[in-house]
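In the UniProt record's numbering, the protein residues as written are 1 to 504.
Glycine included, C-beta positions come from ideal geometry on N, C-alpha and C.
A short write-up of the structure that comes next.
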Amino acid sequence: MFSSETDQSKGGRKSKRHGKRYLDDGDDEADLEAIVFGKKVSGRNVDKKQSKKSGNKKNKESTEVSDRKTVRFFEDRVGSKDEIIGESNVKEQRKAAWTDDDDEIEVNEAIHDEDKLPRKVQTNDRYKDYLESKFKELNETPKWSLSKKDEKCVDSSDDEDDDLERTVGNLLSKTDSLPKDHLNIKRCENLNAQKPFKTLVSSVQFHPSSTVALVASPTGTVNLFQVDGKTNARIQTVHFEKFELEKTRFTPDGEQLIVGSKMQKGHYFYYDMIAGKIVRVPFMKGKELFSLRNFIVSSDGKYIVSQGKCGSVHIIANKSKEIVMDFKMNGEVSSFTFNEDCDKLLTHGNEGKVYVWDVRNNRRCLHRFVDQGCINGTSIAISPNRQYLTAGSDAGVVNVYNYNDVLSKTDPIPAKTLMNLTTEITGLKFNHTSELLAMCSSHKAESIRCVHFPTKTVFSNFPKFGSTYKNITEVDISLNSGYLAFGTNRGNVHLFRMIHFNDY
Numbered sequence: 001m002f003s004s005e006t007d008q009s010k011g012g013r014k015s016k017r018h019g020k021r022y023l024d025d026g027d028d029e030a031d032l033e034a035i036v037f038g039k040k041v042s043g044r045n046v047d048k049k050q051s052k053k054s055g056n057k058k059n060k061e062s063t064e065v066s067d068r069k070t071v072r073f074f075e076d077r078v079g080s081k082d083e084i085i086g087e088s089n090v091k092e093q094r095k096a097a098w099t100d101d102d103d104e105i106e107v108n109e110a111i112h113d114e115d116k117l118p119r120k121v122q123t124n125d126r127y128k129d130y131l132e133s134k135f136k137e138l139n140e141t142p143k144w145s146l147s148k149k150d151e152k153c154v155d156s157s158d159d160e161d162d163d164l165e166r167t168v169g170n171l172l173s174k175t176d177s178l179p180k181d182h183l184n185i186k187r188c189e190n191l192n193a194q195k196p197f198k199t200l201v202s203s204v205q206f207h208p209s210s211t212v213a214l215v216a217s218p219t220g221t222v223n224l225f226q227v228d229g230k231t232n233a234r235i236q237t238v239h240f241e242k243f244e245l246e247k248t249r250f251t252p253d254g255e256q257l258i259v260g261s262k263m264q265k266g267h268y269f270y271y272d273m274i275a276g277k278i279v280r281v282p283f284m285k286g287k288e289l290f291s292l293r294n295f296i297v298s299s300d301g302k303y304i305v306s307q308g309k310c311g312s313v314h315i316i317a318n319k320s321k322e323i324v325m326d327f328k329m330n331g332e333v334s335s336f337t338f339n340e341d342c343d344k345l346l347t348h349g350n351e352g353k354v355y356v357w358d359v360r361n362n363r364r365c366l367h368r369f370v371d372q373g374c375i376n377g378t379s380i381a382i383s384p385n386r387q388y389l390t391a392g393s394d395a396g397v398v399n400v401y402n403y404n405d406v407l408s409k410t411d412p413i414p415a416k417t418l419m420n421l422t423t424e425i426t427g428l429k430f431n432h433t434s435e436l437l438a439m440c441s442s443h444k445a446e447s448i449r450c451v452h453f454p455t456k457t458v459f460s461n462f463p464k465f466g467s468t469y470k471n472i473t474e475v476d477i478s479l480n481s482g483y484l485a486f487g488t489n490r491g492n493v494h495l496f497r498m499i500h501f502n503d504y
């Protein structure tokens, strides 16, 4: 006994040191718990009595808090509007992948030392709920945390938003019409800057589906360029030996180049862009030889229409390359165009009348009307929206008609007469939205104008005053109206970017 007391007294100082070290470790653990669980950090200078008293109080409070958490958790479960708890009807709930004891910590325990709490936050709310709501304010709910049902709802909502955006986008695009007072247009590098011709440009046309354009000359050469508005790189050259090119056109599928000449009779050529070869096509009927000098290709790709002699028009099946029908006007034919459905062909000529032909059914003349004030018609075009028909004459006059009027009346009154050019109209081209008409004449320098629709007014800022484009031989507009191009008698093709239209 004595020995034991002696040992204890001897080791008293040592025990105190060990006790102090033990208390320090306990305080460190308490500090760690406080950081993790949000409890107050215990001071290291608290004496043993306070520590013991505080410890007893904490144990008691811990029990009360634990009980309160249990009760609160049960109340949350019972009080939920989405759940009905009964003896025989209990909804299945998704089980959490793990359980975290910290989820039940209250806000006042986690941020007790804050002087001011965020609005709409109560001190007895669960800290987990507070963090979740804060996260949702700043971020979208991650899909991995959703049930399959909720995920479908989110996807459905996203689809509805996409549909709404598409609908509104279409509405906006429809109301975003071309301004009438000023044509926002920018000069680009010449389309054929890498390979200009030394002679006139006979044909200019944009590809029907890709960012490619053709430029042809009477020398028998056709160059293809990649249209970017900057360098317009030349990508291919096709040469037709001893064949003076009058006109060159893409087929609507973009797979062939058809070339015609007024000098050569009995045949024409097409270039197969897929196979990369030139094909010679006989062009005759019986012993009579024809030349493919002035022609068009229907937008559905079924027919090629060629100007013949003495008012005749030859209709060629594009697939078989054979003449399938002929039409004949009283006067000479100078221009023709298909309607949007390609079931009617309209022809214009030197008697000042326009003929409407039925191509698919009875193959006869359905109707004809007088082009008011016209003696010799030289050009004709129908707007893609089927609202307007424009007819140009050798006097430089362009009459604009309502399309329905010309199909039902023999002497329709023009909705507008454009007299901005003074020489023979050789080119009329609508853009894809029918908001712009480009008209040109090859008989006088700088004779090109752009007309706004539906106001039918001419843009005053194009061409720019003082421009020296020389004589314009042909004009074309790209698929989605992003570019306008015209060839000249100097071998150049001027390219312009129409800023209003976003696409090529």
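Closest by C-alpha distance to K285, out of G301, H267 and H348, is H267. Between N471 and N489, the gap from beta carbon to beta carbon is short of 7 Å. If you check the CB distance, G331 and E351 come in under 7 Å.
The C-beta of S335 has 16 or more other C-beta atoms within 10 Å across all chains shown, which makes the residue buried. A direct Cα-Cα distance of roughly 13 Å separates F269 from T251.
Minimum Cα-Cα distance from T455 among the listed residues M439, A445, T473 and S434 corresponds to S434. Counting of Cβ neighbours within 10 angstroms places D326 among the exposed residues, the total staying below 16. For S334, the enclosing beta strand (DSSP E) has its first and last residue at V333 to F338.
Here DSSP, grouped into helix, strand and coil, assigns S299 to coil.
Boundaries of the beta strand (DSSP E) around L436: L436 to C440. Spanning the alpha carbons of K277 and R449 requires a straight line of approximately 38 Å. Within its own chain, the residues whose Cβ lies closer than 7 Å to the Cβ of N480, once the five positions on either side in sequence are excluded, are H432, F501, D503 and Y504, listed in chain order. Excluding five sequence positions before and after S447, the CB atoms of its chain that fall closer than 7 Å to its own CB belong to L421, T423, C440, S441 and I472, given in chain order. Annotated three-state conformation of S203 is strand, per DSSP.
Secondary structure of E189 (DSSP, three-state): coil. By the beta-carbon neighbour count (other beta carbons within 10 angstroms, threshold 16), T199 is exposed. When the Cα atoms are used, T347 and V356 turn out to be separated by approximately 7 Å. Counting along the chain, the unbroken alpha helix (DSSP H) around S408 starts and ends at Y403 to S408. Secondary structure within the region 258 to 289: the beta strand (DSSP E) runs of 3 or more consecutive residues, fully enclosed, are 267 to 272 and 277 to 282 (chain order). Distance from the CA of I323 to the CA of V204, rounded to the nearest whole angstrom, comes to 26 Å.
The criterion of a C-beta distance shorter than 7 Å is satisfied by R368 and K353.
The C-beta of K287 has fewer than 16 other C-beta atoms within 10 Å across all chains shown, which makes the residue exposed.
Cβ contact annotation for V281 (same chain, cutoff 8 Å, sequence separation greater than five): H267, Y268, F269, Y270 and K321, in chain order.
No Cβ-Cβ contact shorter than 7 Å links S393 with T417.
For K195, the closest C-alpha among the options S177, K180, V215 and H207 is that of V215.
With a contact defined as Cβ atoms closer than 8 Å, K319 and F290 miss out at about 19 Å. In the DSSP annotation of this structure, G482 is not part of any beta strand (DSSP E), being labelled neither H nor E.
Shown here, E132 sits in a helix according to DSSP, grouped into three states. Under a 10 Å Cβ-count criterion, V279 is classified as exposed, with fewer than 16 other Cβ atoms of the shown protein chains found around its own Cβ.
For K353, the enclosing beta strand (DSSP E) begins and ends at K353 to D358. Within the same chain, Cβ atoms closer than 6 Å to the Cβ of L224 are found at V212, L214, I235 and Q236, the five residues on either side in sequence being excluded.
Taking a C-beta distance under 7 Å as the contact criterion, V400 and T410 do not qualify as a contact pair. Short of 6 Å from the beta carbon of I413, and not among the five residues preceding or following it, lies no beta carbon of its own chain. The continuous beta strand (DSSP E) containing V215 extends over residues V212 to A216.
Separation of the CB atoms of A485 and L191 is rounded to 5 Å, and the pair is thereby assigned contact status at 8 Å. Sequence-distant Cβ neighbours of S299 in its own chain, meaning closer than 7 Å and more than five residues away, are P252, F338 and C342.
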